[in-house]
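Numbering (our numbering), first residue to last: 182 to 694.
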């Protein structure tokens, strides 16, 4: 194949954007162009005579993908595919691959293999597909919301119009007229609450809510929240059991936390049958306050455990269920309030008919309440932000820089490991799904060093299985995208000033679910 080799180099040595190989009939590397070193990281002496399957992932090698590619090229003349490939350093990239059989006098003498790194294109295409899906879903939810809003507003309007007819005929001196007035007042209050809910979610989504934090008792927050929902619970004959640990203080906006908790309990009442039971427990849990709301209601499907916290999203009730009205806003408000405080909320359920449990977690510490000298400490508190979405990483970096922290951004797992080695961060805000190596691999490597950083998972997935995987991997906290700026600051402040993680704790973080 000497003449072929010479012709090969004449044609491809100037090509840098493609990794081009010449393989023998068995798939061994015979020669290659300089683009291979740029894309895959190998020097010439490291590849000659080795099988080209070293560029494939272990799972693809186990499935025989390299051999199947050669077989198809041998049979059909060419083989084209896209998929994940490996660089010399173990990092992964998304590749476009073409293998062409090379014949001389009808005899197979080898293969020409061309590889192009299309990681960025693949990422943009994936983002575009996700965005199209999100827009389609948002459009569907908008239509559902408009239909739901029309229904919810018509419901109270009907008795109001009927009541007006009654009062016009008999006045308010008779009992039937007085009942009509009471009914109209009740229905108008319901309409006012619906409009207030709409205004509330609009202000929260635009970041127009300013927290007014103060020191307050946990039992007072629970008491005030239950005062709001008690009439609804009693009207449905539901049993409410309350257990609150005394002597626990919070530094929060009590009005907002009361609002969040009352929304959660109201949701539990709404999805629990008349005569059912609701239990509220509140206690200290390490450096946090934990409020648990359990109900004996209709349960939640697994695929809805995260979606129910999105505005206007509601799970479909089982056939024959009769539920109270609502716009699907309450839990979205609760999640935003928790995030603004540096806390979080999540749900668990064994499925339809099995009831549901909601957990609200709030930091006890004075988030953002600086002591003298904290500014200089902040400048020494090093944070590494890791996300393959450059805009997302840069925005979080800039937010933290404005707050006075020392921050750097990395746009992939490999770069994150390099920067972590250089800057020795106290905290890493780590995206889990990246095209080269995952966040799970990154945390595994950074935790091999004594006194490693606090690592916070930043992900768009928040199911119970996802949370369990994050906890098992040793992450200290779990933030769900899309991220509210105050939520990031709250999490950073919770860990700000804490000693660096001891190496013995590397296998399991204090994340609770």
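Note that the Cβ used here is the ideal one computed from N, Cα and C, for glycine as well. Quantities reported herein were computed from a predicted structural model and do not represent experimental measurements.
request  = Could you have a look at residue 530 and say whether DSSP puts it in helix, strand or coil?
outcome  = coil
Supposed contact pair residue 208 and residue 233 - C-beta distance, whole angstroms, cut 8 Å = 5 Å
Rounded to whole angstroms, what is the Cα-Cα separation between residue 413 and residue 450? Residue 450 has its alpha-carbon roughly 8 Å from the corresponding atom of residue 413.
Secondary structure of residue 608, DSSP reduced to three states: strand
Between residue 617 and residue 568, which are expected to be in contact by the criterion C-beta below 8 Å, what is the C-beta distance as a whole number of angstroms? Their Cβ separation, rounded to whole angstroms, is 12 Å, which puts residue 617 and residue 568 out of contact at 8 Å.
Notebook entry, point to check: So which of 656, 319, 288, 263 has the shortest CA-CA distance to residue 302?
Noted result: 263
- Message: With distance defined between alpha-carbon atoms, name the residue in 525, 204, 434 nearest to residue 487.
- Response: 525
*Answer yes or no: do residue 637 and residue 610 have a C-beta to C-beta separation smaller than 9 Å?*
Less than 9 Å divides the Cβ of residue 637 from the Cβ of residue 610.
In its own chain, which residues sit with a C-beta less than 8 Å from the C-beta of residue 704, not counting the 5 before and 5 after it?
-> The chain is shown from 182 up to 694; residue 704 falls before or after that span and cannot be answered.
Comparing C-alpha positions only, which one of 585, 580, 577, 633 sits nearest to residue 598? 633
Check: Can you give the Cα-Cα distance for residue 201 and residue 535, rounded to whole angstroms?
Finding: Put simply, the backbone Cα of residue 201 is about 58 Å away from that of residue 535.
Does the beta-carbon distance from residue 625 to residue 640 come in below 9 Å?
-> Against a cut-off of 9 Å, the Cβ pair of residue 640 and residue 625 comes out as no contact.
Note to self: Comparing C-alpha positions only, which one of 431, 628, 377 sits nearest to residue 403?
What the structure shows: 431
| query | Would you call residue 327 buried or exposed, if buried means 16 or more other Cβ atoms sit within 10 Å of its Cβ? | reply | Using a 10 angstroms sphere on the CB of residue 327, the tally of other CB atoms stays under 16, which defines it as exposed.
Q: Go ahead and pull the three-state DSSP assignment for residue 542.
A: strand
- Message: Taking the alpha helix (DSSP H) that residue 238 belongs to, which residues open and close that run?
- Response: Element bounds for residue 238: n/a, residue is neither H nor E.
Please state if the CB of residue 423 and the CB of residue 407 are separated by a distance shorter than 9 Å. Yes, these two residues count as a Cβ contact at 9 Å.
Taking DSSP as the reference, what is the three-state secondary structure of residue 202? strand
Please report the straight-line C-alpha distance between residue 205 and residue 214, rounded to a whole angstrom. So the two alpha carbons sit approximately 15 Å from each other.
Checklist entry - So which of 358, 438, 615, 256 has the shortest CA-CA distance to residue 471? => result Measuring from the Cα of residue 471, the nearest candidate turns out to be 438.
* Asked: Between the region 343 to 352 and the region 314 to 324, are three or more C-beta pairs nearer than 8 Å?
  -> no
For a test of your reading of the model: does the CB of residue 649 fall under 8 Å from any non-hydrogen atom of the ligand NAP? Yes or no. You won't find the ligand NAP in this model; it holds no ligand whatsoever.
_By the three-class DSSP mapping on this structure, what secondary structure does residue 414 have?_
Helix, per DSSP.
- Cβ neighbours of residue 261 in the same chain (closer than 6 Å, five flanking residues each side left out): 279
In whole angstroms, what is the alpha-carbon distance linking residue 621 and residue 527? The straight-line gap separating the alpha-carbon atoms of residue 621 and residue 527 is approximately 22 Å.
**Asked** Among residues of its own chain, excluding the 5 on either side of residue 615, which ones have a beta-carbon nearer than 7 Å to its beta-carbon?
**Response** Cβ neighbours of residue 615 beyond the five flanking positions: 569, 593, 594.
Sequence-distant residues of the same chain with beta carbon closer than 6 Å to residue 247, five excluded per side: 234, 237
Worksheet item: Which residue from 416, 426, 307 puts its Cα closest to that of residue 400?
Response: Closest by alpha carbon: 426.
Sequence ranges, alpha helix (DSSP H) only - wholly within the region 391 to 474, length at least 4: DSSP assignment within the region 391 to 474 yields the following whole alpha helix (DSSP H) runs of 4 residues or more, N-terminal first: 399 to 416, 435 to 451.
* Asked: For residue 216, which of 469, 654, 660, 268 has the nearest alpha-carbon?
  -> 268
- Query: Closest by CA to residue 491, which one among 473, 516, 482?
  - Reply: Per the Cα distances, 516.
Item checked: Reduced DSSP secondary structure (H/G/I, E/B, other) of residue 345 -> helix
message: In whole angstroms, give me the CA-to-CA distance for residue 291 and residue 229.
response: The straight-line gap from Cα to Cα measures roughly 14 Å.
Relative to the C-alpha of residue 281, which candidate in 296, 273, 274 has its C-alpha closest? 296
Problem set entry | Coil, strand or helix - residue 639 by DSSP | strand
Less than 6 Å between C-beta atoms, sequence neighbours within five positions excluded: which residues of the same chain meet that for residue 627? Answer for residue 627: 601, 633, listed in chain order.
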